[in-house]
Amino acid sequence: MSARRRCTEVVPRYYRIPRTASGSQIRCELLLPQEFTELNEQIVILAFALLGRIHCCHSSSVIGRLQSEKGRCTTMAQSWDDYLAYQEKVDGIQFTWNILPHSRDDAIKIPVPIGVFYQPLKERPLDQPQQPVLNYEPVLCQKKTCKAVLNPLCFVDYQGKSWKCNICQQRNMFPPHYAVIAEDRRPPELYPQFATIEYTLRNPKADILAPIFVFVLDTCVPEDELKALKESIQTAVSLLPADSLVSLVTYGKMVELHELTARDMPISHVFNGAKEVRREQMENKLRESIGKPAGIGPQEDW
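Take a look at the structure:
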């Protein structure tokens, strides 16, 4: 089983930002190249001030390039769009929004829900640092309403063995097996070059559960594309292990969850896109058909 977390970086991951303690604050000096525009500088400084609650100063005329973590010189993206495209190429992840709402009212007003296109087991470009295998549980924020995963944007107190969640600002203690961490001995999930990281966890039920594959298809595409998509899925299904469990979900004006059985009459659960369906209602409806003989199932649209 693979669990993945994503953190959206503001400064390109391959730049080192010196930090020195100054009282109760962290003073970050951002050494930005000459070609970096004033707007880019403002975005970076504001983001650091908000996310880390730190005092930032900058010098745009100090250097024209920065050394990477490995000591290589790298050219900074010329625009915010270039940077986002670069991140998507490296991580294979694209969000519907690059800025999260700051209040409940803002979250209600957004026309498109917050979501992410995620490519599991994405192979990173060969010129990028390769992620090591992480076969341990991720460290989570202890706040019940948060549960964010430890990431490079979190403030870490290496002496106090604690970290502050960059999502909810909750201060958390590291688990006992993190007692040896230090600024020069960080776990991979705290390295800025791994903005997206995968944990490979052992499922205790893996020996008794068959693998599960869910195909989610957008039917609002041209007919020739839909035909090609069907052929691709047929090929993929033919290559699955014999004991696999397969689910098919299609969405257009309606969302349909199809029952893949040997019945002569196809049956699907239809969700009206204009109606709000509660999670409990959906689970109850689906549970009704589990274990029933062939030919018995939900017949209504909801």
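With the working numbering as the guide, the letters of the sequence shown map in order to residues -17 to 284.
Note that CB positions come from ideal geometry on N, CA and C, so glycine has one too.
Residue environment: residue 99 is assigned as exposed (fewer than 16 neighbouring CB atoms within 10 Å of its CB, all protein chains considered). For residue 149 and residue 67, the gap between their C-alpha atoms comes out near 24 Å. For residue 255, same chain residues with a beta-carbon under 7 Å away, outside a window of 5 residues either side, are 235, 236, 237 in chain order. Taking the Cα positions, residue 103 is about 9 Å away from residue 74. The three-state secondary structure of residue 207, taken from DSSP, is helix. By the criterion of a C-beta distance shorter than 6 Å, residue 125 is surrounded in its chain by 150, 152, once the five residues flanking it on both sides are discounted. In this structure, the beta-carbon distance from residue 134 to residue 177 falls below 8 Å.
Note that the stretch 221 to 230 touches the stretch 193 to 200; at least 3 beta-carbon pairs, one per stretch, sit closer than 8 Å.
By the neighbour-count criterion, in which a residue is buried when 16 or more other Cβ atoms sit within 10 angstroms of its Cβ, residue 202 is exposed. For residue 154, the beta-bridge partners assigned by DSSP are 145. The three-state secondary structure of residue 215, taken from DSSP, is helix.
Within the same chain, Cβ atoms closer than 7 Å to the Cβ of residue 72 are found at 106, 107, 110, the five residues on either side in sequence being excluded. Per DSSP, the beta-bridge partners of residue 100 are 75. With contacts defined as CB atoms closer than 8 Å, residue 232 and residue 199 qualify as a contacting pair. If you compare the alpha carbons of 257, 214, 181, 216 with that of residue 118, the shortest gap goes to 181. If you draw a straight line from the Cα of residue 264 to the Cα of residue 248, it is about 19 Å long. Here residue 233 is bridged, per DSSP, to 200, 237. Under the three-state reduction of DSSP output, residue 88 falls in the helix class.
Residue environment: residue 171 is assigned as buried (16 or more neighbouring CB atoms within 10 Å of its CB, all protein chains considered). Ranked by Cα distance from residue 112, the first of 174, 206, 242, 217 is 174. When the beta-carbon positions are compared, residue 121 and residue 77 stay at least 8 Å from each other.
The three-state secondary structure of residue 168, taken from DSSP, is coil. Closest by C-alpha distance to residue 166, out of 154, 140, 179, is 140. Taking the CA atoms as reference points, residue 89 sits about 5 Å from residue 83.
DSSP, reduced to helix, strand and coil, places residue 117 outside both helices and strands of the structure shown, so it counts as coil. For residue 139, the pairing in a beta bridge is given by DSSP as 144.
The alpha-carbon separation between residue 250 and residue 69 amounts to approximately 38 Å.
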